[in-house]
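**Student:** In full-length UniProt numbering, the protein residues as written are 1 to 331.
We treat Cβ as the ideally placed atom computed from N, Cα and C, and that holds for glycine.
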Amino acid sequence: MSQCLNSFNLIQKKYLVFYLLKGAEMIRNLKLGVKLNLILLSVFLVIILMNGLLLSSVLQRNAEQEVKDKALVLIETMTAVREYTNKQVSKDTIKALSPNLEIDGQFIKTSIPAYSANEVFSNLQRRKKYSDFFYREATLNPTSLSDKADKFETKIVEKFRRQPDLQEQSGFRKIAAGDLFYIARPLQIKSESCLVCHSTPNRAPASQIRTYGRDGGFGWKLDEIVGAQIISVPASSVIAEARRLQVLVISILAAGFMVAAIILNLFLKFSIISPITNMSKWSRGVSTGALVSNFEHKSKDEIGVLAASVNRLKVSMEMAMNMLKQTPENS
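#1: Roughly how many whole angstroms lie between the Cα atoms of A114 and Q229?
#2: On the CB-based measure, 16 or more other CB atoms within 10 Å of its CB, does M78 come out buried or exposed?
#3: Curious, which full-length alpha helix (DSSP H) runs of at least 4 residues does the region 253-291 contain?
#4: Give the DSSP-derived three-state secondary structure of L54 in the structure shown.
#5: Assuming E119 is part of the alpha helix (DSSP H), what are its boundary residues?
#6: Please report the residue range of the beta strand (DSSP E) in which K174 lies.
#7: In whole angstroms, give me the CA-to-CA distance for L59 and I252.
#8: Our contact map puts G227 next to A138 with C-beta atoms below 8 Å; I'd like the distance itself, whole angstroms only.
#9: Out of curiosity, what's the CA-to-CA distance linking E168 and T211?
#10: What are the uninterrupted segments assigned as alpha helix (DSSP H) that are 4 or more residues long and contained completely in the region 179-234, given in chain order?
#11: Would you mind working out which of I183, G217, A176 and R203 sits nearest L189, comparing C-alpha positions?
#12: Near F160, which residues of its chain fall below 7 Å by C-beta distance, leaving aside the five closest residues on each side in sequence?
#13: Short of 7 Å in beta carbon distance, which residues of its chain neighbour S331, apart from the five on each side in sequence? Order them along the chain.
#14: If you run the structure through DSSP and keep just helix, strand and coil, what is residue 334?
#15: If we ignore side chains and look at the alpha-carbon of each, how far apart do D69 and A63 end up?
#16: May I ask which residues mark the beginning and end of the alpha helix (DSSP H) holding F152?
#17: Pull up the DSSP beta-bridge partners for K148, would you.
#18: Which same chain residues end up closer than 6 Å to I231 when comparing Cβ atoms and leaving out the 5 residues on each side of it in sequence?
#19: Please classify R126 as buried or exposed, where buried requires at least 16 other C-beta atoms within 10 Å of its C-beta.
#20: To the nearest angstrom, report how far apart K314 and L266 are at their CA atoms.
#21: Does the beta-carbon distance from I273 to G33 come in below 8 Å?
#22: Counting C-beta neighbours from all protein chains within 10 Å, is the total for I262 16 or more, i.e. buried, or is it exposed?
#23: Using a Cβ-Cβ cutoff of less than 6 Å, which residues in the same chain neighbour K148 once the five nearest sequence positions on both sides are dropped?
#24: Please state the DSSP three-state secondary structure of F133.
#25: Classify K35 as helix, strand or coil using the three-state DSSP reduction.
#26: Apply the 10 Å Cβ neighbour rule to P234 and answer buried if 16 or more other Cβ atoms are within range, or exposed otherwise.
#27: Can you tell me the Cα-Cα spacing of P205 and I156, whole angstroms?
#28: Answer yes or no: do V310 and S271 have a C-beta to C-beta separation smaller than 8 Å?
#29: Leaving out five residues on either side along the sequence, give the residues of the same chain with a beta carbon under 6 Å from the beta carbon of I239.
#30: In its own chain, which residues sit with a C-beta less than 7 Å from the C-beta of L54, not counting the 5 before and 5 after it?
#31: What is the DSSP secondary structure of I108, reduced to helix, strand or coil?
#32: S111 to T85, Cα distance in whole Å?
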């Protein structure tokens, strides 16, 4: 069995060597213009491949940074709204009017940082430019069911709970509408005032119980991570634009290559191939005895030097032939 395999491998190697030699012979026999174009094509493919990979990496990184910057601005804005509501609205204004966070038996939602942040973002989302941006304060045990964390958000919150020192998570996720880039930050109970509404139903304002019920949003503890701020911004359009730019740059490179190839082919044709072809025809004429005219080449380049050399060779041949013709007469 091993002998059969060795024989098979030997045959494969022989065929490989044969085809390599055959290919090398074919390349040697190609015309100069074809060889040049093959070299240009090879260089072009290498340049396109390298530029494609480099552009893809750079543009992808720039696109990701662009959507990340948008998300950072928005999440910082929502954090500022929460801080303002907590420090100014809740403490200074609402509590001065009603320590129980209710007026005339109505729960004052605007005193809650999460409510204020969501309302501000909802107003922003009504603008067409931000209609596909999303803001969530996803909570494992929310007061309002609309804030209940979904499966994806639950994983984010649980990771924050497992790693209390982790301050931010970010990445891409797919939804039906396309790719989204998200930034998430932990929602941690840092103030005793939060526990007025979230410790026990008995401690919460009666208006809160009437509005949201007694089932959710209780049992929270100081310093506990109960949820996550999650801002999501559309990434599909930015990434698609980066890809369009990549295609445009590669197209420009391809067009530049085509122009360069045409110019080089024209140069090769008129400066090298045509003079050499004419010189070949002239040389065939000289070899058959047509020694009347010199080979004309006006340029002083390498072809011109070669033309001068073959003209001197023609003169030498004329002298030699004349000497041969005179030899019998002299003898």
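**Tutor:** According to the data block:
#1: Along the sequence shown, one-based indexing puts residue 114 at 114. Along the sequence shown, one-based indexing puts residue 229 at 229. In a straight line, the C-alpha of A114 is about 9 Å away from that of Q229.
#2: If you number the sequence shown from 1, residue 78 lands on position 78. Classification for M78: buried.
#3: Correct list: 274-287.
#4: As a position in the sequence shown, residue 54 is number 54, starting the count at 1. Looking at L54 - three-state DSSP - the assignment turns out to be helix.
#5: Here residue 119 is taken as the residue at index 119 of the sequence shown, counted from 1. E119 -> alpha helix (DSSP H) spans P113 to Q125.
#6: Here residue 174 corresponds to residue number 174 of the sequence shown, with the count starting at 1. Element bounds for K174: Q169 to I175.
#7: By 1-based counting over the sequence shown, the position of residue 59 is 59. By 1-based counting over the sequence shown, the position of residue 252 is 252. One C-alpha to the other measures close to 16 Å.
#8: As a working note, residue 227 is residue 227 in the sequence shown. As a working note, residue 138 is residue 138 in the sequence shown. Confirmed, Cβ separation roughly 5 Å.
#9: On the sequence shown, position 168 is the one that residue 168 refers to. On the sequence shown, position 211 is the one that residue 211 refers to. Each residue's Cα considered, the two are about 32 Å apart.
#10: The region 179-234 contains these whole alpha helix (DSSP H) runs: 195-198 and 206-212.
#11: As a first step, residue 189 must be located in the sequence shown, where it is residue number 189. Per the sequence shown, the amino acid found at residue 189 is Ile instead of Leu. I189 has its Cα closest to that of G217, out of I183, G217, A176 and R203.
#12: Numbered from 1 along the sequence shown, position 160 holds the residue referred to as residue 160. Excluding sequence neighbours, F160 sits near L166, P186, I225 and A228.
#13: The residue given as residue 331 occupies position 331 in the sequence shown. Residue confidence for S331 is low, a pLDDT of 49 falling below 50, so the modelled location carries little weight and cannot support an answer.
#14: This structure cannot settle anything about residue 334, because the visible part of the chain is limited to 1 through 331.
#15: Along the sequence shown, read from residue 1 onward, the residue named residue 69 stands at position 69. Along the sequence shown, read from residue 1 onward, the residue named residue 63 stands at position 63. Looking at the two C-alpha atoms, the distance is approximately 10 Å.
#16: Within the sequence shown, the letter at position 152 stands for residue 152. For F152, the enclosing alpha helix (DSSP H) covers residues K151 to R162.
#17: For the purposes of this step, residue 148 is taken as residue 148 along the sequence shown, with counting starting at 1. Answer is T139.
#18: In the sequence shown, residue 231 corresponds to position 231, counting from 1. Within the same chain, I231 has close Cβ partners A71, L74, I75, Y135 and I183.
#19: Your numbering for residue 126 matches position 126 in the sequence shown. Burial call: exposed.
#20: Position 314 of the sequence shown, counting from 1, holds the residue named residue 314. Position 266 of the sequence shown, counting from 1, holds the residue named residue 266. Computed Cα separation, rounded: 30 Å.
#21: Numbered from 1 along the sequence shown, position 273 holds the residue referred to as residue 273. Numbered from 1 along the sequence shown, position 33 holds the residue referred to as residue 33. Yes, Cβ-Cβ distance for I273 and G33 is below 8 Å.
#22: Locating residue 262 in the sequence shown gives position 262, counting from the first residue. Exposed is the call here.
#23: Reading the sequence shown from its first residue, position 148 is the one you call residue 148. Hits under 6 Å: P142.
#24: Looking up residue 133 in the sequence shown gives position 133. It is coil, neither helix nor strand.
#25: On the sequence shown, residue 35 is found 35 positions in, with the first residue counted as 1. Three-state result, K35: helix.
#26: Your numbering for residue 234 matches position 234 in the sequence shown. Burial call: buried.
#27: By 1-based counting over the sequence shown, the position of residue 205 is 205. By 1-based counting over the sequence shown, the position of residue 156 is 156. A direct Cα-Cα distance of roughly 30 Å separates P205 from I156.
#28: Indexing the sequence shown from 1 puts residue 310 at position 310. Indexing the sequence shown from 1 puts residue 271 at position 271. Note that the C-beta distance between V310 and S271 is not below 8 Å.
#29: Position 239 of the sequence shown holds residue 239. Cβ within range, chain order: A63.
#30: As a position in the sequence shown, residue 54 is number 54, starting the count at 1. Same-chain partners within the cutoff: there are none.
#31: Counting from one through the sequence shown, the residue named residue 108 turns up at place 108. Coil, per DSSP.
#32: On the sequence shown, position 111 is the one that residue 111 refers to. On the sequence shown, position 85 is the one that residue 85 refers to. S111 and T85: Cα-Cα distance of roughly 6 Å.
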